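Chains as they are written, first to last, in the working numbering: chain A, 1 to 224; chain B, 1 to 224.
2 protein chains.
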Amino acid sequence: MLVIALDPPFGPSGEYSGLKIVEETSAYAVSYKVGLPLVLESGPEVIRAIKETSGKRVIVDFKLADIGDIMVRVLRKLAESGANAVIAHGFVGVGDGVEKLVEEARMLGVDVILVTAMSHRGSRKYLDKHFEELLADALELGVHGVVVPATRPWLIERARKAVKDELKIYAPGVGVQGAEPGSALCAGADYEIVGRYIVRSPDPGKIAREVYEAQLRSVRTCRG
Amino acid sequence: MLVIALDPPFGPSGEYSGLKIVEETSAYAVSYKVGLPLVLESGPEVIRAIKETSGKRVIVDFKLADIGDIMVRVLRKLAESGANAVIAHGFVGVGDGVEKLVEEARMLGVDVILVTAMSHRGSRKYLDKHFEELLADALELGVHGVVVPATRPWLIERARKAVKDELKIYAPGVGVQGAEPGSALCAGADYEIVGRYIVRSPDPGKIAREVYEAQLRSVRTCRG
């Protein structure tokens with residue numbers, strides 16, 4: 001249920017390595033999410049290192065938003081580097097766009113997760129206006145999952161109704177951005193993504209365990 | 001007027017290096033655009049290598065589309081690697097979004113170019129519906145420029161009317177994607193971005209010169 005976002009800096013003042021965080025937290029995470037900040041610092045090799053250290057899946061979150069040909073090229077490199085899933089923006093649209101990524105990913109055995117709304121305020125002006133359409137695209141494309149922010153649980157409820165059990169829902173925004181651990185799960189998400197709250201802590205392993213236990217308690221309460 | 005997009009493969013069968021293309025074409029390019037495919041292959045160091053080989057500016061086109069904090073982190077790394085400009089998606093919106101990138105870029109002396117429409121068919125479903133609003137955001141944020149596809153010159157005409165001389169207009173889609181060299185300049189763009197047509201050619205220097213001369217001829221004709 002817990003996906004840990006490995007965005008540097010790691011530790012309160014950047015004194016830890018990403019792999020140290022992975023070692024200490026892997027008992028509580030189902031997968032790790034890495035983005036451009038870490039990959040630009042450490043190279044795409046870091047993807048395989050995280051997999052091997054943790055034994056868990058790695059989701060590469062570049063929020064791809066380019067024409068299909070470019071996204072395919074990036075995907076191939078990420079697949080070669082061991083990525084299990086990639087996150088892309090659904091708003092790029094179908095037509096030499098996101099469907100090319102999805103087709104190639106299917107051939108390569110990589111899952112695609114589409115952003116349908118984001119956790120920051122700016123999401124309201126454009127993205128949120130197309131939330132239902134983006135969910136419908138994700139269903140039609142038959143992707144693995146969608147991203148819906150934990151900071152707005154009513155969107156998660158709407159997403160769950162729309163996608164039923166066909167897609168996984170990943171919810172970022174738990175911790176520093178304000179959502180309580182377990183709150184998105186109770187609203188219908190499959191996974192909560194937690195970054196800074198864990199990775200900037202002086203004791204990431206302890207915080208990861210606390211988040212994980214808080215998730216369990218919440219789910220027990222809300223799902224009965 | 002000519003921006004060369006350095007997306008691999010280089011040469012008809014990938015037999016050239018990116019820097020070979022740069023050496024042969026730098027007389028005709030005002031700047032180079034690099035994206036994730038090249039940076040994942042060669043590391044962010046490739047940015048400085050292109051600048052030093054060409055003496056021209058480098059635009060990093062990751063089509064950033066994340067929350068502000070993440071884009072800022074990526075920007076810092078790219079600035080450190082020598083990037084003169086970055087391309088981001090305007091639809092991420094303002095509010096812990098694109099304005100954070102713009103503020104940080106201003107401090108670092110890096111130009112921001114916002115995507116307001118794209119060259120592929122998929123752009124119609126979501127992006128194109130917000131074209132005028134995205135142009136207005138770009139103006140309000142005071143960025144350096146906007147991306148408007150050469151494949152739809154009427155959008156360039158509308159963009160030029162909207163932004164007057166306040167922003168630069170970059171037009172991708174010239175060459176393989178279908179627009180003729182010079183056509184976007186005549187519609188009002190400042191720069192045409194050409195990729196595959198030049199970089200996959202057996203003789204990139206010759207093709208770059210031909211494109212450059214075709215641009216000059218077009219502009220002479222249309223601007224009188």
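Built from N, CA and C at the ideal position, the CB exists for glycine as well. Computed from a predicted model, the values in this text were never measured in an experiment.
Query, Result
"Kindly identify the DSSP beta-bridge partner or partners of Ala214 (chain B).", "The partner list for Ala214 (chain B) (beta bridge, DSSP) is empty, contrary to what the question assumes."
"Are the CB atoms of Val22 (chain B) and Ser42 (chain B) nearer to each other than 8 Å?", "no"
"Have a look at Glu140 (chain A) and Glu157 (chain A) and give me their C-alpha separation to the nearest angstrom.", "19 Å"
"For a quick check, are the C-beta atoms of Asn84 (chain B) and Ile59 (chain B) less than 8 Å apart?", "yes"
"Can we say the segment 183-200 of chain A touches the segment 170-190 of chain B, given the rule of at least three CB pairs closer than 8 Å?", "no"
"Does Ala27 (chain A) pass the burial test, meaning 16 or more other C-beta atoms within 10 Å, or should it be called exposed?", "exposed"
"Three-state secondary structure (DSSP) at Ala162 (chain A)?", "helix"
"Going by C-alpha to C-alpha distance, which of B:Gly205, B:Lys33, B:Ala5 sits closest to Asp111 (chain B)?", "B:Lys33"
"Would you say Glu41 (chain A) faces chain B, with C-beta separation under 8 Å as the test?", "yes"
"By the DSSP assignment, the alpha helix (DSSP H) with Ile21 (chain A) in it spans what residues?", "18-25"
"Kindly indicate the opening and closing residues of the beta strand (DSSP E) around Ile67 (chain B).", "Careful: Ile67 (chain B) lies outside any beta strand (DSSP E) and carries neither H nor E."
"Please report whether the beta-carbon of Pro12 (chain A) lies at a distance below 8 Å from any beta-carbon of chain B.", "no"
"Ile193 (chain A) versus chain B: which residues are under 8 Å apart at the beta carbon?", "Per Cβ cutoff of 8 Å: no residues; Ile193 (chain A) is ~12 Å from chain B at best."
"Any contact of the segment 164-171 of chain B with the segment 134-151 of chain B, i.e. 3+ C-beta pairs under 8 Å?", "yes"
"Using DSSP with H/G/I as helix, E/B as strand and the rest coil, what is Arg73 (chain B)?", "helix"
"Please classify Lys206 (chain B): is it buried, with 16 or more other beta-carbons within 10 angstroms of its beta-carbon, or exposed?", "exposed"
"Is Arg121 (chain A) close to chain B, meaning its C-beta is less than 8 Å from at least one C-beta of that chain?", "yes"
"Let me see if you follow: with CB-CB separation under 8 Å, is Pro44 (chain B) close to chain A or not?", "yes"
"Candidates B:Pro181, B:Arg200, B:Val46, B:Val147: which alpha carbon is nearest Phe10 (chain B)'s?", "B:Arg200"
"DSSP state of His130 (chain A), grouped into three classes?", "helix"
"Name the chain A residues that come within less than 9 Å of Lys77 (chain B), Cβ to Cβ?", "Leu36, Pro37, Leu40, Glu41"
"Give me the residue from A:Arg220, A:Pro202, A:Glu213, A:Thr221 with the minimum Cα distance to Pro12 (chain A).", "A:Pro202"
"Could you tell me which residues DSSP pairs with Ala85 (chain B) in its beta bridges?", "B:Ile59, B:Asp111"
"Output needed for Leu108 (chain B): all residues of its chain with C-beta closer than 6 Å, excluding positions within five of it in sequence on either side, in chain order.", "Ala79"
"Are Val46 (chain A) and Pro37 (chain B) touching if we call contact CB-CB under 8 Å?", "no"
"Using only CA atoms, which one of B:Asp190, B:Pro181, B:Gly182, B:Gly122 lies nearest to Val163 (chain B)?", "B:Asp190"
"Ile70 (chain A) and Gly97 (chain A) - do their beta-carbons sit closer together than 8 Å?", "no"
"Scan the segment 68-95 of chain B for residues whose Cβ lies nearer than 7 Å to a Cβ of chain A and list them as they occur along the chain.", "Gly68, Ile70, Arg73, Val74, Lys77, His89, Phe91, Val92, Gly93, Val94, Gly95"
"Based on DSSP bridge pairs, tell me the residues matched to Lys168 (chain A).", "A:Gly145"
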